[in-house]
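Numbering (the numbering used here), first residue to last: 489 to 639. Worksheet: one structure, shown below.
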Amino acid sequence: MSIWWSLHLRREAASVPLARRLLVGAMETAGVDPDVSYDLSVALSEACANAVEHGGDRGRGRGCGEYRVTAYLDGRTCRIEVADSGPGFSAGRARPPVRVARADAESGRGLGLIQQLADHVHIGNKPGQGGAVVSFDKILKWREDAPLAMV
């Protein structure tokens with residue numbers, strides 16, 4: 489069995505915990521191992537925070553716009569995609585550089601954390617349109633009593 493959901497969220501800080509709680513609730517209900525669920529929820533929070541902070545339309549207010557979160561959960565993997573409507577990453581770059589930030593840094597750690605927590609990460613611009621896309625997936629581990637685990 490597989491499940492998926494997609495949210496269109498306003499670029500507001502309050503949307504980040506909403507997306508995280510929805511993901512955690514779905515994984516908990518499905519029976520995903522809590523450690524895997526935690527890693528994915530942190531990665532999702534970082535991707536959403538980046539969309540809120542950097543994903544706005546050019547020339548419009550900082551609070552304008554929306555972003556989309558889509559999650560696919562199947563028997564083997566969870567794939568999450570966060571796409572915004574902002575300017576995207578600099579032209580000519582296939583993907584942005586992922587910096588290693590100091591452990592006590594208050595910003596600049598998001599993409600690096602996502603890469604550490606997920607098994608596969610793709611970071612780039614939406615093809616043919618404005619905006620950035622961060623997608624990542626992780627191989628799932630299931631609790632013994634998981635109702636949706638692959639048999």
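Glycine residues also receive a C-beta, built at the ideal position from the N, C-alpha and C atoms. Since the structure is predicted, the reported quantities are computational estimates derived from the model, not experimental observations.
task = Measure the C-alpha to C-alpha separation of Val609 and Pro615 and round it to an integer number of angstroms.
result = 17 Å
message = Assuming Val557 is part of the beta strand (DSSP E), what are its boundary residues?
response = 554 to 561 is the span of the beta strand (DSSP E), which, as asked, contains Val557.
message = Starting from Gly612, trace the beta strand (DSSP E) in both directions and tell me its first and last residue.
response = 608 to 613
ask   = For Ser623, does the three-state DSSP call read helix, strand or coil?
value = strand
query = Since Ser494 is in the beta strand (DSSP E), which residue starts that stretch and which ends it?
reply = 491 to 498
message = Does Arg681 come out as helix, strand or coil in the three-state DSSP assignment?
response = In this structure the chain extends from 489 to 639, so residue 681 is not present and cannot be described.
key: Selection from Ser490, Val524, Ser533 that minimises the alpha carbon distance to Arg456   = Absent from the structure is residue 456, since the part of the chain shown begins at 489 and ends at 639.
Close Cβ partners of Asn538 (< 6 Å) along its chain, the five nearest in sequence each way excluded = Gly598
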